[in-house]
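Counting from 1, position 12 in the sequence shown corresponds to residue 12 in full-length UniProt numbering; the numbering is continuous, with no gaps. Notes for the one structure printed next.
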Amino acid sequence: MINVFGRWYRRKFSDPDAAMLLILILLTTTVLLLWGELIMPVLVAAVIAYLLDWPVTKLVKIGVGRGLACGAVLLGFITLTILLLIGLVPIISKQSVNLVQESPLIWQKAQDWILTLPEKYPDYVQVYQIHQMMEGLNEKLVEVGETLISVSFSNIANVAALLVYIVLVPLMIFFMLKDKMFFLENISRLLPKERRLITQVGHEMNAQIANYIRGKVIEIVIVGAVSCITFVLMDLRYAILLGVLVGLSVLIPYIGAAVVTIPVAVVAMFQWGFTPEFWYLMIAYGIIQALDGNLLVPLLFSEAVSLHPLYIIIAVLVFGGLWGFWGVFFAIPLATLVKAVVTAWSSNPPVMQDSAM
1 MINVFGRWYR RKFSDPDAAM LLILILLTTT VLLLWGELIM PVLVAAVIAY LLDWPVTKLV
61 KIGVGRGLAC GAVLLGFITL TILLLIGLVP IISKQSVNLV QESPLIWQKA QDWILTLPEK
121 YPDYVQVYQI HQMMEGLNEK LVEVGETLIS VSFSNIANVA ALLVYIVLVP LMIFFMLKDK
181 MFFLENISRL LPKERRLITQ VGHEMNAQIA NYIRGKVIEI VIVGAVSCIT FVLMDLRYAI
241 LLGVLVGLSV LIPYIGAAVV TIPVAVVAMF QWGFTPEFWY LMIAYGIIQA LDGNLLVPLL
301 FSEAVSLHPL YIIIAVLVFG GLWGFWGVFF AIPLATLVKA VVTAWSSNPP VMQDSAM
């Protein structure tokens, strides 16, 4: 057993490229664990700059100066973001307030329905079981309410930091786009000469993540827009709020779709009960999810992010546990990085020709 481990260790770590890759991974992980929250605006700016680099490159190819191209693309991005916020935020805020105000009525109606279960199914559901479940749910709801209130007050202190980020992040995006080659050359000088595996991982990540980021933005827009239109046409209450939630749920593969189904079903049940309208809505919602998973995702991503669904779920749980929301947001890119590292590490080092000569 010791000999087997020794051979594996020499095969993987005797290569200087593998050692440098391991050191870089450990160093990067340490920095993220210690200062992840502090440098998160930089990482967000880098992701957005990565997203906007494609249109900047297209403009440069047709003869536009890089500085002008960066300014035009960034200005267009900021303008589109502001227009979306102006159009959606007031509606979402109003519908959110209305939903919070009506949540006691929704919960009361749910309780009334649950209390009818012992009469309908006496062989399977007992009254004392219902009362125990209701007491547990009420305690959980009180805890959730207290948590939301405490989070709301604690976030007031972060408003100043948010205002600073609103100014700093666009500036960082502009300079990352404008001086892209300058930063890449500096990073290249910092890396060691023994970087065959680092380069291999970098090329694989670049090919996969570029498609992932652009595809994910397009998927959010399409799924969110189709959901909003469907809910509005079917006269579902809080249609825009729920449609936006459905669109954002694609950020968390598999888990997001399952979680956002709960508010959609609860609101529909509160509005219509178990009537044909409820089932029509749930069928339409199921069709949207099916088309997203079986048509839209393959078209947008192809084989660029070829990860097994189980690995994606594990990545969401692990990275979400480490870094919260941002860990969930970057779960697939981080899982792709892990896959690229494992693939590169499993490859054989090139045979040196000098010894043969």
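Just so you know, even glycine gets a beta-carbon here, dropped at the ideal spot from N, CA and C.
Roughly how many angstroms separate the alpha carbons of L91 and V164, rounded to a whole number? For the sequence presented, residue 91 should be read as Ile rather than Leu. Between the C-alpha atoms of I91 and V164 there is a straight-line separation of about 26 angstroms.
Could you say which of Y254, L191 and M234 lies nearest to L24 if we only look at CA atoms? Minimum Cα distance to L24 is reached at L191.
Closest by C-alpha distance to T81, when choosing among Y280, T230 and I166: Comparing Cα-Cα distances from T81 to each of Y280, T230 and I166, the minimum goes to I166.
Might you give, ordered along the chain, the residues of its own chain that have their beta carbon closer than 7 angstroms to the beta carbon of C70, omitting 5 neighbours on each side? In the same chain as C70, and ignoring 5 residues on each side of it, the C-beta atoms closer than 7 angstroms to its own belong to V56, F174, L177 and K178, in chain order.
Quick one: Cα of V64 to Cα of L75, how far? When rounded, the distance between both Cα atoms is 15 angstroms.
CB of N340 within 8 angstroms of CB of V201, strictly: It should be noted that the sequence gives Ala, not Asn, for residue 340. In this structure, the beta-carbon distance from A340 to V201 falls below 8 angstroms.
With distance defined between alpha-carbon atoms, name the residue in I62, Q108, D17 and E37 nearest to V267. With respect to the C-alpha of V267, the residue from I62, Q108, D17 and E37 having the closest C-alpha is Q108.
List the whole-angstrom C-beta distance separating residue 361 from V226, where the pair is believed to meet the contact cut-off of C-beta under 8 angstroms. Limits of the chain in this structure are 1 at one end and 357 at the other, which puts residue 361 out of reach.
For I252, name the three-state secondary structure that DSSP assigns. DSSP places I252 outside both helix and strand once states are collapsed to three, so it counts as coil.
Residue range of the alpha helix (DSSP H) that R66 falls in? First-last of the alpha helix (DSSP H) with R66: R66 to L115.
Please list the terminal residues of the continuous alpha helix (DSSP H) segment that includes D53. From DSSP, the alpha helix (DSSP H) with D53 extends over P16 to K61.
Can you say whether V18 is buried or exposed, counting buried as having 16 or more other CB atoms within 10 angstroms of its CB? Correcting the residue type first, residue 18 is Ala in the shown sequence and not Val. It is buried - the Cβ of A18 has at least 16 other Cβ atoms within 10 Å.
Grab me the residues of S103's own chain with a C-beta within less than 6 angstroms of its C-beta, minus the 5 sequence neighbours each way, in chain order. Short of 6 angstroms from the beta carbon of S103, and not among the five residues preceding or following it, lies no beta carbon of its own chain.
Cα-Cα separation, R189 to R195: C-alpha separation (whole angstroms): 11 angstroms.
Same chain, Cβ closer than 8 angstroms to G224, neighbours up to 5 away in sequence not counted: Excluding residues within five positions, the ones whose Cβ falls inside 8 angstroms are G243, V244, V246, G247 and L248.
Could you compute how far the alpha carbon of W272 sits from the alpha carbon of Y238? If you draw a straight line from the Cα of W272 to the Cα of Y238, it comes to about 14 angstroms.
Classify H131 as helix, strand or coil using the three-state DSSP reduction. If DSSP states are grouped into helix, strand and coil, H131 belongs with the helices.
Is P192 helix, strand or coil when you go by DSSP? It is coil, neither helix nor strand.
Under 8 angstroms between the Cβ atoms of Y50 and I198? Judged by beta-carbon spacing, I198 lies beyond the 8 angstroms limit of Y50, meaning their Cβ atoms are not closer than that value.
Consult DSSP for H203 and reduce its assignment to one of helix, strand or coil. Correct three-state label for H203: helix.
Buried or exposed: where does Q111 fall if 16 or more other Cβ atoms within 10 Å of its Cβ makes it buried? Counting Cβ neighbours within 10 Å, Q111 comes out exposed, since fewer than 16 surround it.
Whole-angstrom Cβ separation of I255 and I314, contact assumed at under 8 angstroms? Between I255 and I314, the beta carbon gap of about 11 angstroms keeps them out of contact (Cβ cut-off 8 angstroms).
Identify whether L295 lies in helix, strand or coil by the three-state DSSP scheme. In this structure, L295 counts as helix in the three-state DSSP scheme.
Please list, in chain order, all residues of the same chain as L334 whose beta carbon is under 6 angstroms from its beta carbon, the five residues on each side excluded. A distance below 6 angstroms between beta-carbons, with the five flanking residues on each side excluded, links L334 to the following residues of its chain, in chain order: F319.
Assign Q101 to one of two classes, buried (16 or more other C-beta atoms within 10 Å of its C-beta) or exposed (fewer than that). Counting the other CB atoms within 10 Å of its CB gives Q101 a total below 16, which places it among the exposed residues.
Give the straight-line distance between the Cα atoms of H131 and S93, rounded to the nearest whole angstrom. Looking at the backbone, the Cα of H131 and that of S93 are separated by about 35 angstroms.
Can you tell which of T28, A210, I218 and T261 has its C-alpha closest to the C-alpha of G286? Closest option to G286, judged by alpha-carbon separation, among T28, A210, I218 and T261: T261.
Within the same chain, show all residues whose beta-carbon is closer than 7 angstroms to that of L281, passing over the 5 residues directly before and after it, in chain order. So the list reads M234, L236 and A268, once near-sequence residues are dropped.
Would you say T336 and I209 are within 8 angstroms of each other, going by their C-beta atoms? When the beta-carbon positions are compared, T336 and I209 come within less than 8 angstroms of each other.
Does the Cβ-Cβ distance between I240 and L296 come in under 8 angstroms? No; because the gap between Cβ atoms is not below 8 angstroms, this pair is not in contact.
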